[in-house]
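Chains as they are written, first to last, in my numbering: chain C, 1 to 471; chain S, 1001 to 1471; chain W, 2001 to 2471.
Quick reminder that beta carbons are idealized off the backbone N, C-alpha and C, glycines included.
Since the model is a prediction, treat every value here as computed from it, not as a measurement.
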Amino acid sequence: MKEVIEKSAKRPRIVVLIGTLVAGAFLWALVPGVMAGDPSGASTYMGDLEGLKTAINFTWVLVSAFLVFFMQAGFALVGVGAIRTKNTVNYLAKSYMDFSLGAIFFLVVGFALMFGGSGVAPGLELGNALIGYSGWLLAGEAYDVTTSMVWLFQAMFAATAATIVAGAMAGRTKFQAYLVYTVLVTAVIYPIYGHWVWGGGWLSTLPFGAGARDFAGSGVVHAVGGFVALAGAYLVGPRTGKFRTDGTPVAIPGHNVTYIVLGTFVLFFGWFGFNPGSTLAATDLRIAVIAVNTFLAGAAGAVVACYTTFFRTGKANIFLICNGSLAGLVAITAPCAYVPPWAAVLIGAIAGLLVMASIWFVEWVLKIDDPVGAVSVHGVNGLWGLLAVGIFADGTYGGVSGLIAGNTGQFVAQAISAAVVVLWAFGLGLLIFAVIKYAIGLRVSREEEVVGLDISEHGTPSYPGPMDSWR
Amino acid sequence: MKEVIEKSAKRPRIVVLIGTLVAGAFLWALVPGVMAGDPSGASTYMGDLEGLKTAINFTWVLVSAFLVFFMQAGFALVGVGAIRTKNTVNYLAKSYMDFSLGAIFFLVVGFALMFGGSGVAPGLELGNALIGYSGWLLAGEAYDVTTSMVWLFQAMFAATAATIVAGAMAGRTKFQAYLVYTVLVTAVIYPIYGHWVWGGGWLSTLPFGAGARDFAGSGVVHAVGGFVALAGAYLVGPRTGKFRTDGTPVAIPGHNVTYIVLGTFVLFFGWFGFNPGSTLAATDLRIAVIAVNTFLAGAAGAVVACYTTFFRTGKANIFLICNGSLAGLVAITAPCAYVPPWAAVLIGAIAGLLVMASIWFVEWVLKIDDPVGAVSVHGVNGLWGLLAVGIFADGTYGGVSGLIAGNTGQFVAQAISAAVVVLWAFGLGLLIFAVIKYAIGLRVSREEEVVGLDISEHGTPSYPGPMDSWR
Amino acid sequence: MKEVIEKSAKRPRIVVLIGTLVAGAFLWALVPGVMAGDPSGASTYMGDLEGLKTAINFTWVLVSAFLVFFMQAGFALVGVGAIRTKNTVNYLAKSYMDFSLGAIFFLVVGFALMFGGSGVAPGLELGNALIGYSGWLLAGEAYDVTTSMVWLFQAMFAATAATIVAGAMAGRTKFQAYLVYTVLVTAVIYPIYGHWVWGGGWLSTLPFGAGARDFAGSGVVHAVGGFVALAGAYLVGPRTGKFRTDGTPVAIPGHNVTYIVLGTFVLFFGWFGFNPGSTLAATDLRIAVIAVNTFLAGAAGAVVACYTTFFRTGKANIFLICNGSLAGLVAITAPCAYVPPWAAVLIGAIAGLLVMASIWFVEWVLKIDDPVGAVSVHGVNGLWGLLAVGIFADGTYGGVSGLIAGNTGQFVAQAISAAVVVLWAFGLGLLIFAVIKYAIGLRVSREEEVVGLDISEHGTPSYPGPMDSWR
């Protein structure tokens, strides 16, 4: 009883602190003083050719952003399908809350850190090679249609990076701890590495090749999410019963394969916004090649994973088909704009092999419990995507040429970028999860884990109807 | 036996009558006589700048309409997840049939009543401040590409208004009664209030502020749906066992939380068509701010609902997270174009509180059984959205300024509009459901309800496999 | 043991052969020699009016292609919902692999056969009235943004044709046999008939009316898929227990109605890409009428199927509502651009009747087991769609006029096209499935079928959690 009271007394502290800061930020936004950009769009679109170009590009980017939003549903479905029934509600709640909290904190903090100084839209003037510091709350100069368009697309990406971690830590992580992590990743970890690559920061201006290039975020989104996930899965420890006393892993089956495959379809669908939308312009007609490459890499990853397991075991493993396909999609995300279609097939095919090797490595060698393979799909293949730019870029787009075009500089830039993302994401991931662990606790109690997080954290089972109403 | 024969003899009567009218209308459409507008689009797009603008805007509106269509799947999923297994097929059938019947009747009747006289596209010339009367069947002058584009977008909205009611009346309403209601709401109730606000009717020209403004339909779609739902839920009565003899409500758990959350994701995704698409133009670049506001309000509603329940009970209630998010989306629907991003967060946050209060009020005070909270999500927050225009409009768009910009006139117009929608939707809702109740019966028999509507109305359970094939 | 060894020894042979050919093709793509088209898009979009038009049309076609991709998820859901639980993983794996393999083989072979000689984009110059032979691998001249855009849209269509067959052969077809079929249909069967109609082949230039017209593929996609499915279902034979010894069919219930309806919603949503996207241009404003017609036909099919069963049996059959709606969508796919909205309602309504009659005919007269009604939905209504062009085309678009406009020539062209698709698809379908049957076997063993294909072919049940974790 005492414990319960202490618990509820302790709970609000950190949230009240954060809440106060957010409220203060909002009050700041109300202060006029600063002139707005173009909030109505009337001076951005003036009926001429340039205005029409802007309208086409808004259409393209917004529709792409909507597709990326829908990926949240895909992540949720893949996750719940791959875990036990008793943790389903918990996973769904985390999925819904990570993008919700992420949206608020990317508005208040993250976006300014990431794109301040990039100058890509009004109100984003202030920033340096390490960090940005303008565009807070889309207020002042940043209350502008172009800035809003960029924000929406990028907010969806921040939410994607955040949600990747949920899968690796499923089934034993405290709900409140997960929410605190979400705030930190969308407000700080993701935006700062993102600034270095996309916000005009130091990685984008490396003196090798064209500087580090990551077209749609194999590194910025997926490797960040994947290596924060590795840190989290390591610190929270494996699910009870995942490893025998001799250290051999035990398969813990999920509860619904249909959800996994449906989720993979949804993710693939959303990826057509993720990659081609990253041109931020439909007038950049390379979008067609990007879409083709995305499709082919996702397909090739599935084919390779399917046939590999089919030949070795006589069974076509559906989890590996899905993870192979997702690995192909993660891997093509950085190089999608720079490589020809045949290379996309190769990149996806190699991703299909890599993901299988990595899942085995994480489970059997590192002895880390990653219920959905998030580290292997997003982390390892995020790195592979970064390197693939340095290998397969054929020089037809953006001035990026890799090994197949006879240039080694780009590969060096990509390798540096890959090393940095591992250090940054895994390092800060360890730090924040360690802080959370000792401040409010990272893991539910043994009893709560056995009962399941649906009951212990949310008070309802996922399939709450009485059994006799089943039919 | 006799009863069964009478039943089947009685059944066709009203449907045959309606069918005959529809057939007559179709024959009328075949009469040439009237010239067509521009059915091929060849004289609307002529290769110049103006033609390109039209093509961009068609792209924007059609894609938005497709997204709004997909919301039907979201409504279906949220509904079936929240009800008992034994009524699942029934709910799905109602969901599928309401948009199907709605499409036909909005073609034959509703569209002409709503947009006749608006002059927004060819063939919509005739109408007055109370009602429209041209554009029937998209025939004659209305056989035109622009009119078709407008029709499609608006037909999706009519279908949305219709399907809102299904949730509030789930589990005890006759299938045939629901279909008759669907025809009436899409052909008459929705279009006439819609005409007053969007078709050039009297509410849009009120002499306060800029007249009543409802950008994407907090009132026109959601409050109409929500208050017709209130009338329906009241007249059909609560599900057996919902209230104890002393009047205290009993929780009737749903059957699948994953469906609820997936459905909420789908609705959120579709809302990005609903709100930004309502500009009917991508050259109106405010679409970016509208999309940002939509995202933020839906996120803020989820955050507030989540933390409120989490602090009060120690459990994060997934139903309230979803309903809080949907409430935020409903509330931002009217003001989405007129307010800045920080206001969208506030509007969504308040909606998250309102929906919880309203769900409690409907269940504990009104003693009305609304299985999915449709009245609270769509009705109450539809009104809140209308009022929020009068409070938070900052004057940067469309000449609409609310209290924060120092103007009170707009708030008056919004309050009138809110009062009218309650009277109209709840009043006509009572009327049509009362007529249906005494003409063909509104509610299934006690036996049918206990067995479940899947078997009694559709002849199949929702999970029909034999139990031994389960794995 | 010996059998198992032989089995695994035999397995790779055909796959290794195909794999070698594909690898060879890839090496060929690496040979430079041939100049590329415009892989960056920089000389296709040059900032002028024509360039903007191209950018709008890319946006339209790519977004449409993404929607068509998502139909794969719809097909998967409808299929798994309609079959037994024990075959769910198998169906999902087939669904995922058919589009994945299809993408690779349409890249390597199919696209060149289909669009070579059409001249619709760079690199597609070589071909004749019977077959095309340029555009292989999107390499050489075909490494171009416009060609890539066309490829993506068409690849999605090829994948759709392929996946239709899965439903008709569900529950007893070998996984490997299905994959071999997939390769053949996407590489050869689909592309060649497609060339005749869309690639400038002989059917498109028939000397009747405007030549055979099939706007979005009632014939090219759906009838091809449907009649290959008929051949496959016939050769693989019915599921064990489907027909009694006296030949009367036994209903084998599916396992999840929610999946069926959700899948139908997803298919309907995707169809808005399928039909309106087939203009390949948003500057062709007829897209609005096409979208309206698509919506109305799908709605009318559902209404007719619902009321027919409701009046006859007193129960509204959910399977027929969904199949009626899909039949309406299939039927409007060919005529969607050529007919007015009232005709779309009629075409859909007739499709709703046809699909019910055909399902009865296939099951009771032909005694063929088609678990999801694929032959009736896609085959029969694909033919109805082709004929409907010849009846209802009103001459307002594309110079196509049918019987209602007083012309009989178009109907003749459509009838020829319909006869050819039956002969081609059913004939080649019989051939390839017969070859597969005698080469590697088409059907699983009786034991595997009884246990279910999930365990025997994939090694996992679809709902693998232990029963005690259910809640």
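Which of helix, strand or coil DSSP assigns to residue i
i	result
PRO1249 (chain S)	strand
PHE1243 (chain S)	strand
THR1085 (chain S)	helix
SER376 (chain C)	helix
SER1401 (chain S)	strand
PRO2461 (chain W)	coil
GLY1127 (chain S)	strand
THR2173 (chain W)	strand
GLY132 (chain C)	strand
GLU2003 (chain W)	Legend: pLDDT at GLU2003 (chain W) = 43, less than 50; position of this residue unreliable, value from coordinates given subsequently. If DSSP states are grouped into helix, strand and coil, GLU2003 (chain W) belongs with the helices.
ARG2213 (chain W)	coil
GLY33 (chain C)	Its pLDDT being 47, under 50, GLY33 (chain C) is placed unreliably by the model, and the measurement read from it follows with that caveat. Coil at GLY33 (chain C), not helix or strand.
Chain-ordered neighbours of residue i on chain C, where CB pairs are closer than 9 Å
i	result
GLY2041 (chain W)	THR283, ASP284, LEU285, ARG286, ILE287, ALA288, VAL289 and TYR397
TYR2193 (chain W)	Near TYR2193 (chain W) there are no residues of chain C at all, since even the closest Cβ is about 23 Å away, more than 9 Å.
Integer Cβ distance of residue i from residue j, believed to fall under 8 Å
i	j	result
ILE131 (chain C)	ILE192 (chain C)	6 Å
GLY1199 (chain S)	PHE1105 (chain S)	GLY1199 (chain S) to PHE1105 (chain S), Cβ: 17 Å. No contact.
VAL1389 (chain S)	ARG1213 (chain S)	5 Å
PHE58 (chain C)	MET169 (chain C)	So it is not a contact: roughly 37 Å between Cβ atoms.
LEU92 (chain C)	VAL80 (chain C)	6 Å
Proximal residues of chain W, C-beta to C-beta of residue i below 7 Å
i	result
SER1148 (chain S)	ALA2288, VAL2289 and VAL2292
LEU1152 (chain S)	ALA2288, ALA2291, VAL2292 and PHE2295
VAL1145 (chain S)	LEU2285, ARG2286, ALA2288 and VAL2289
Beta-carbon neighbours of residue i, restricted to chain C and to distances below 7 Å
i	result
CYS1306 (chain S)	MET97
LEU2092 (chain W)	VAL257, THR258, VAL261 and ILE318
VAL1372 (chain S)	Ordered by position in chain C, no residue passes the 7 Å Cβ test against VAL1372 (chain S), which lies about 14 Å from the chain.
Chain C residues whose Cβ lies nearer than 8 Å to that of residue i
i	result
SER1325 (chain S)	TYR96 and SER100
Limits of the unbroken alpha helix (DSSP H) element including residue i
i	result
MET156 (chain C)	145-168
TRP1271 (chain S)	1257-1274
LYS2437 (chain W)	2409-2439
TRP196 (chain C)	190-198
PRO1341 (chain S)	1341-1360
SER1325 (chain S)	1318-1333
TRP2384 (chain W)	2381-2392
THR309 (chain C)	287-313
ALA1231 (chain S)	1224-1236
PHE208 (chain C)	First-last for PHE208 (chain C): undefined, no H or E at that position.
Residues that residue i contacts on chain W, provided the C-beta gap is smaller than 8 Å
i	result
SER205 (chain C)	The displayed chain sequence assigns Thr, not Ser, to residue 205 (chain C). In chain order: nothing, as chain W lies at least about 23 Å away.
ASN317 (chain C)	HIS2458, GLY2459 and THR2460
Closer than 9 Å at the beta carbon, the chain S residues around residue i
i	result
TYR259 (chain C)	THR1258 and LEU1262
PHE26 (chain C)	TRP1342, VAL1345 and LEU1346
ALA139 (chain C)	PRO1340, PRO1341 and TRP1342
VAL2266 (chain W)	PHE1070 and ALA1073
Within chain S, partners of residue i - CB distance below 8 Å
i	result
ILE104 (chain C)	LEU1296, ALA1299, ALA1300, VAL1303 and VAL1345
Check: residue i C-beta below 7 Å from any heavy atom of the ligand SAM
i	result
TRP360 (chain C)	No copy of the ligand SAM occurs in the structure displayed, which carries no ligand at all.
Interface residues of chain S facing residue i [CB-CB closer than 7 Å]
i	result
PRO1945 (chain W)	Given that chain W is displayed from residue 2001 to residue 2471, the structure contains no residue 1945 (chain W) and the question cannot be resolved.
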